[in-house]
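For the record, the sequence lines run as chains H, Z, X and G.
Take 2 as the starting number for the first sequence in our numbering and just add one per residue.
Take 2 as the starting number for the second sequence in our numbering and just add one per residue.
Take 2 as the starting number for the third sequence in our numbering and just add one per residue.
Take 2 as the starting number for the fourth sequence in our numbering and just add one per residue.
Each residue gets a CB set at the ideal place from its N, CA and C atoms; glycine is no exception.
Contents: one structure, followed by commentary.
Number of protein chains: 4
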Amino acid sequence: MRALVKQSAGPGMVVKDVPVPACGLNDVLIKVHFAGVCGTDLHIWEWDAWASGRLKPPLIIGHEFAGEIVELGSDAASAGLLAVGDRVTAEGHIVCGHCLPCRTGDFHVCRRTSIIGVDRDGAFAEFIVMPASNVMRLEGISTETGAIMDPIGNAVHTVLEGQVVAGAAVLVVGCGPIGCFAVGIARAAGASLVVASDLNPTRRAIAERMGAHVVLDPTGDDVPARLHELTGGDGIDLVCEMSGHPSGHAQAFQAARPGGRINMLGTPSRTTEVDFARDVIFKGLTVYGVTGRRMYQTWQVMSRFLRAGQFDPAPVVTHRFPLERIADAIGVIKDGSAGKVILEIGA
Amino acid sequence: MRALVKQSAGPGMVVKDVPVPACGLNDVLIKVHFAGVCGTDLHIWEWDAWASGRLKPPLIIGHEFAGEIVELGSDAASAGLLAVGDRVTAEGHIVCGHCLPCRTGDFHVCRRTSIIGVDRDGAFAEFIVMPASNVMRLEGISTETGAIMDPIGNAVHTVLEGQVVAGAAVLVVGCGPIGCFAVGIARAAGASLVVASDLNPTRRAIAERMGAHVVLDPTGDDVPARLHELTGGDGIDLVCEMSGHPSGHAQAFQAARPGGRINMLGTPSRTTEVDFARDVIFKGLTVYGVTGRRMYQTWQVMSRFLRAGQFDPAPVVTHRFPLERIADAIGVIKDGSAGKVILEIGA
Amino acid sequence: MRALVKQSAGPGMVVKDVPVPACGLNDVLIKVHFAGVCGTDLHIWEWDAWASGRLKPPLIIGHEFAGEIVELGSDAASAGLLAVGDRVTAEGHIVCGHCLPCRTGDFHVCRRTSIIGVDRDGAFAEFIVMPASNVMRLEGISTETGAIMDPIGNAVHTVLEGQVVAGAAVLVVGCGPIGCFAVGIARAAGASLVVASDLNPTRRAIAERMGAHVVLDPTGDDVPARLHELTGGDGIDLVCEMSGHPSGHAQAFQAARPGGRINMLGTPSRTTEVDFARDVIFKGLTVYGVTGRRMYQTWQVMSRFLRAGQFDPAPVVTHRFPLERIADAIGVIKDGSAGKVILEIGA
Amino acid sequence: MRALVKQSAGPGMVVKDVPVPACGLNDVLIKVHFAGVCGTDLHIWEWDAWASGRLKPPLIIGHEFAGEIVELGSDAASAGLLAVGDRVTAEGHIVCGHCLPCRTGDFHVCRRTSIIGVDRDGAFAEFIVMPASNVMRLEGISTETGAIMDPIGNAVHTVLEGQVVAGAAVLVVGCGPIGCFAVGIARAAGASLVVASDLNPTRRAIAERMGAHVVLDPTGDDVPARLHELTGGDGIDLVCEMSGHPSGHAQAFQAARPGGRINMLGTPSRTTEVDFARDVIFKGLTVYGVTGRRMYQTWQVMSRFLRAGQFDPAPVVTHRFPLERIADAIGVIKDGSAGKVILEIGA
C-alpha cells in the first residue's frame, strides 16, 4: 500500500509502498479515506527536539483519520459490534488499561500510551490496523468530518472540562484549527459570550464564521478593556488557552475572573513566568492541562453535536490535498494561511 | 478597651485604649478570649509592600479569634439563632453577596471582600463587632481551638478541594502551621499516605506529630526518589503547596502524578517559571488556588472533624502570649521556632 | 395600595386597599409592574389541603414579580449596589443563612425558608418589600420577563442539575409552563435531542414552539418505542419530570437509560409505587428532587441565557390580565387552556 | 477440576469434576484459593424468580474470589503487566466497552455485562479464566481478603458516591456483610458519625466492631428520635440503604436531611410506595442506585484503604468452609447467623 513514511532521523517524509499491516484477533483493518494534518505532523516533518526525542523511524505518520472497515480479527468479529463496511474513525491513543490513570478513568494520560503516527504506525496510508475498542462508527457524520474528530475532540475536551460553559463568558486565546473548533463547541454547549483572540486576521475570520461573538487582535485591541466592557466588569468564566505562547498565558491569567477557570491546550515550547499569588491564589482560579480526549466521554458529546447539526467544522477546513502532495499540506500549515488541512487518501 | 493598633504607616504596632465598637442591627458584639497570630500579621508588623499597599491605618489588627457574645443587634437578636453567652468564632471575610463570585457560591473570592484586621478593625482587642451571618457557635469545640479555625479552615479548603483525598497519596510541601494542619486534615479525611516536606526540623517534627506517615527534608532527602518508592511509582495524587517558594512549586509539579492535582495556598512573593507543557498539559494536571475558606462548607467539615475528635490541632500550638507581648509573638514566628502562636486576651 | 389578599381560611381571594409595607434597613421597596400567576396560587385560591395546612391569612398572595425600586433602607443604600429606579426581580425564598443547608450552599432547602405570598406578604400588590440580598437588577431583560424568572429558574434548576445536558437526549414529561421553559432551556444549554410529552395538545404545541424536536402524546403514541427509535436504543440521558403524576413517574423511570438521571420537579399529590430494583439500582440511576432555584447559580445562568437571546419565554406567555381580573387568570389556569399567565399591576 | 455446578433448573448445586477452562489470548488462568459466598449465590441455590429468569444451567457458580495466576494468554503475557505466580483478584463484570454507559465511564451498568457465576462460568472451582483487564494484583493485601473485594467494593461504591462522606453523618440501614463493610469504609473515609441499624443483634454487634458509633434496633429504638438527637437536629447527610426492604426505604427517606443523599444498594424483591413530594422534592434529595463497583475507581480506593490498614474486614468474616460443604455455607447465610462466609478452595 502507499504510505507516508518518516524514513530516518532528520527532516522530511517520503511516500512509498509498504506492506498492508496484519489484523490481530481484537483488531480491525480500516481502509483510510481521509486524514487530517496536525501541527504535530509539522513538528515531525521538521524533526524538532520533541520529534527527535520521541520517534523511532521508520514510521508511518498521521493520527487523524476516518475510513471503512475491510477486515475484522476473529474476536472483534465475534463481539458483533463492528462489521465490514462500517464507516469509522478511531481514538489514536492506545492505552494500557492497567495503570493508575487508566484505572481511575483518566485514560487520556495513560502512563503507557502508544499514539498512532508517533509511537506506532499511523494513518497517512491506504490502510491502518486499530484495536476494536478504539474504533467508533460514523452514524450520521460524514467520513471527511470523521477524519478530524481527533482535533475537534481536543476542543470538546478543552471547552467542557469543569462543566462551566452553559451561560458562560468564554475567551479562546489562539485561533488555529483547534481554537476555531473550540469557538463552535462553546456555542453549541450554551456559552453566552464567546470571544476569540489571535494575531492572524485569516484565523480571526474563521473564528467569526465558527460563531465568535467578538474577535480581538491582541496587537491592536486593548484586550483587557474590551473584555471588561463585554462582561460588564465580571471577567471571563472560562479561558481556553490554545496558543501555547507566554503572551497567551498572560492574556489568559489577566482575563480569568475570580473563581474562574483556564483550560490549557496550546503546547508551549518554553517556560512561562507565573505570578501565582496574583493570578491563581488570590483569584481562587483553576488551571487544567488538556491532553487528548477523555476516553470516551469527549467522543460521545462530539458525535451528538455533529449528528444534531449543533456544530459544523466546515469553515475551518481550508485545504484538501492528495497524499502525494504532503509537502504542500505542510507548507500551508507552516505559513499560517491554513485552517484545517485534509489529505484525501482512499475516498 | 485594650487593642493592638497599627497606628500609622511603618513598622510595628501599639497596644492602646480605644472605644468599644458599636453593635449594628445585624451585628453581634463579641468579647475576645483568644486570638491567633498569622503570618499576615507579621507582614503588617513589618509593613512590607503588600501591607503598605493595602492597609489604611489606624487599624486594629488580627483576624483569627474566638470568644463570647455579649450583645446582639435587634435584627440579629430577633432571628433567634445566636444568644448572649454563646461561645463563638467567626469567618473574617465580610462579603458583598451581590457580585458574580458571591452569586455563584464562591464567596471566598468576593470582589468586595472586607477582611477584619486588614480592611476593617480586627480581633486583637477586648471586643469585636461581626455581622451575625459570619458568626458560628462553638459546640463541642474549645474556645482556644475556635480561635484558630481560620487557619485550620485554610487547611481544610486546601485538602478537600477537588474531592480526591479519600485513599489518596498526599504531599504537603511546607510545614508551617497551615501545612501541619493540612497533614492532620488529610489523615482525618481518609488519605492513605501523607508525606510532609520542610527544611526546618522543628516543623517536620510537628508534621510527624500531626500524623504524617513520612517527613522529608528537601535539602537532605532525594524527594522524587522517595516519593517514587513510597507510591510504588504511581506518584502523588494531591499536592498541598503551602510554601509559596519556587522550590516548593518545583517539588509540587515534579511530584504530582498524571491526572493529579495541586492545591496551592502558600503565597509567593515573586514569580515562578513554569513548564506548562511538561508539568501541566502532558500530565492532565489540575492546579487550584486556595484563598480563605469556602463559606461555609469548609466550616461545616472542620467543625465536625474537631467535634468528633478526628482532628486535634494541639501539637501545632507552640506558644501563648498575653496581648501586651505581641512583639514576642511576632519574634517567635519570625525566627521559625514557632508553630501556631495564640494571644490570650480576655479568657 | 391595591393588593390581592387571602382574607381568611377558605376558597377565593379579594382585591382590597392595604398599607404600603415599611422598608427595613436592609430592605428595598419595589413598585410591582408585572407578576406571574403560578399553580401554587391556584392551590391557595382553592384552599386545598396543602394551602390550609401552611398559610396563615390574612396574607397578600403572589411570589413571581418584577418592578422598580422606589426606596432603599439605609444599609441597603449605603452598600451602593442597588438604586432607586433600578428595574429588578427577586428570589422569593427568604432564607436564614445559618442552618446546615444554608451553610453548605443549599439555600433553596433552608430549614427556615419564608416564601413571599405563602409565608409572608407577597407580590400581587402595588408594592412589595424585599431583603436587598434577594433582589437582582434586570440588565438587558424586559420587566415582563423579569416577572417570570421564578418559574424559568425552576426549569433552569431542573435542566442543569447534574451537569449532563450538553449533547444529551432529554425527555420533558409534562408541558405546563415550567415544562415548556425546560424545553427551551435544554436547547439553550446544548441538548442534542429534546422530546416533550403531554396529554394536552395546546401544551404540546407550546413545547414545539419552545424548541422540542419531537412532542409525544402518551395516550396516542407508544412513548417507549418512539424514545428507543429516537435515541438509537440508547435511552434518555436526562428526564425532567414536571407532571407530578404516577404515570409521569412511570414514563420517567422507563425512559431513563442505565447511568442516567431523573430531575423531578412536578409535585405529586399522592404516593407512587417504585420498583427500586429494576428502575434505580440495576440502572445505576440518579434521582434528584428540585425545589426552587439554586441561590444564586440558577439566576446567573438564566440571566445570561435571557440577555444573550439564547432563551425566549414568549411562546409560553398566553394570557395577561389586570390585578382585578384575578378570577379570570385562575380560570384559564384551571381549565388547562393557559401557558403562563401574567398580571399587569403597575406598569 | 472440582467445581460447584448448577446442573439444571431447580434448587441446589452439585460439586463435580469438570474440565479446566481454556485460556484465551487476552486471558489469564487463575488457581482459586478462596471464594466468598454472596446472597446472590443463595438466590441461585434456591432457584428463585430472578435466578430462573437469568441463569442458563449448567453453570459454575461464584463471583467473589482470589488466587494465583498459573497461565497467561500470549497477548496478556506480552503486555508484561501480569505474571505467573501473581496473587490476584478480579472484577467479575465483564463489559463490552462499546455501549453508551461504557463509553461514558459507567462500565458498571454496561448494557452487555456478563457476570461470572451468573452469565458465564464462575469462581467456585479450582480454576477460573478471566480477561486480563479485569485482573488486579494483591500487593499488600492477603489472598483471603482479596476474595471478598467484590462485596467490599460494593460498600466502597455506596459510601463514596456523591463525595459527601468526609465529616458526614452516615446512616447504614441493614447490617448484612456489605452494610458492615460500609460502616468501616465510612469510618476510613472520614465520616464523623456512623450509625448502623438492623433488627438482628448479631449483625449489630458486627457493625459495632466495624466502627459504628451507634447501633440501633428499629424494632426497639425510636430511630428518628435518636438520629435527631445524634445529629443535633440536622439529620443524616448520607444514608446507605443496604436492606432492600420497604421499611428500610422508609427509614432512609425519613432520616435523610434536606439537601442530603441516599445511596441505595439493597435489592428489593418488591415495590415501595414513595412520597416523592415530601421525601424527595421538598427535601432537594438525591437518590442513587448502586450496582457493582465503579471500574476501577472503586478498586483503587479500596486497595489503598486495605493496604494502609485503614479498613479491616476481619470482624465481618464469621465462617470458613471447604468447597464440599457449600450446603453448610448456604445454611448459615440463610439463617442469619453469618457475616461473610468464605470457601477455602485451593489455598
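My guess is that residue i and residue j are in contact by the Cβ rule of under 8 Å, so how many angstroms apart are they, rounded?
i                      : j                      : result
residue 28 of chain G  : residue 74 of chain G  : 5 Å
residue 61 of chain G  : residue 6 of chain G   : 6 Å
residue 35 of chain Z  : residue 144 of chain Z : 6 Å
residue 316 of chain G : residue 211 of chain G : 6 Å
residue 4 of chain Z   : residue 127 of chain Z : 7 Å
residue 264 of chain Z : residue 289 of chain Z : 5 Å
residue 83 of chain X  : residue 91 of chain X  : The pair is not a contact, with the Cβ atoms about 11 Å apart (cut-off 8 Å).
residue 344 of chain H : residue 312 of chain H : With a Cβ gap of about 22 Å, residue 344 of chain H and residue 312 of chain H do not count as contacting.
DSSP on residue i, reduced to helix/strand/coil?
i                      : result
residue 95 of chain H  : strand
residue 209 of chain Z : helix
residue 287 of chain Z : strand
residue 248 of chain X : helix
residue 271 of chain H : coil
residue 85 of chain G  : coil
If you follow the beta strand (DSSP E) that residue i is part of, which residue opens it and which one closes it?
i                      : result
residue 131 of chain H : 128-132
residue 216 of chain Z : 215-217
residue 258 of chain Z : 257-265
residue 137 of chain H : 136-138
residue 242 of chain Z : 237-242
residue 1 of chain Z   : Residue 1 of chain Z is absent from the model: chain Z starts at 2 and stops at 348.
residue 3 of chain G   : 3-7
residue 344 of chain X : 341-345
residue 28 of chain Z  : 28-38
residue 196 of chain X : 194-198
What's the call for residue i, buried or exposed, on a 16-neighbour Cβ count within 10 Å?
i                      : result
residue 169 of chain Z : buried
residue 15 of chain X  : exposed
residue 198 of chain X : buried
residue 8 of chain H   : exposed
residue 57 of chain G  : exposed
residue 162 of chain Z : buried
residue 147 of chain Z : buried
residue 232 of chain H : buried
residue 115 of chain X : exposed
residue 65 of chain G  : buried
residue 223 of chain X : exposed
Where does the unbroken alpha helix (DSSP H) through residue i begin, and where does it stop?
i                      : result
residue 79 of chain H  : 75-80
residue 296 of chain H : No alpha helix (DSSP H) holds residue 296 of chain H; DSSP gives it neither H nor E.
residue 180 of chain Z : 178-189
residue 55 of chain H  : 50-55
residue 151 of chain Z : 150-161
residue 331 of chain G : 327-335
residue 350 of chain H : There is no way to answer for residue 350 of chain H, as the model of chain H reaches only from 2 to 348.
**Request:** Give the residues from the region 291-320 of chain G that approach chain X closer than 7 Å (Cβ to any Cβ), ordered along the chain.
**Result:** Going along the region 291-320 of chain G in chain order, one finds 291, 292 with a Cβ nearer than 7 Å to chain X.
**Request:** Closer than 9 Å, Cβ to Cβ, to anything on chain H: give me those residues from the region 20-32 of chain G, in chain order.
**Result:** 25, 26, 27
**Request:** Compile a chain-ordered list of the residues in the region 186-216 of chain G whose CB is closer than 8 Å to at least one CB of chain Z.
**Result:** 189, 190, 191, 193, 194
**Prompt:** Taking Cβ-Cβ distances below 9 Å as the criterion, which residues of the region 111-138 of chain X are in contact with chain G?
**Reply:** Result list: 111, 112.
**Request:** Return the residues of the region 248-264 of chain X that lie within a Cβ-Cβ distance of less than 8 Å from chain H, sorted by chain order.
**Result:** Listed by position along the chain: nothing, the set is empty.
**Prompt:** If contact means a Cβ-Cβ distance below 9 Å, which residues of the region 72-83 of chain Z contact chain X?
**Reply:** 76, 80, 82, 83
**Interfacial residues, the region 151-177 of chain Z to chain H, with Cβ spacing under 8 Å** = Hits within the stretch: zero.
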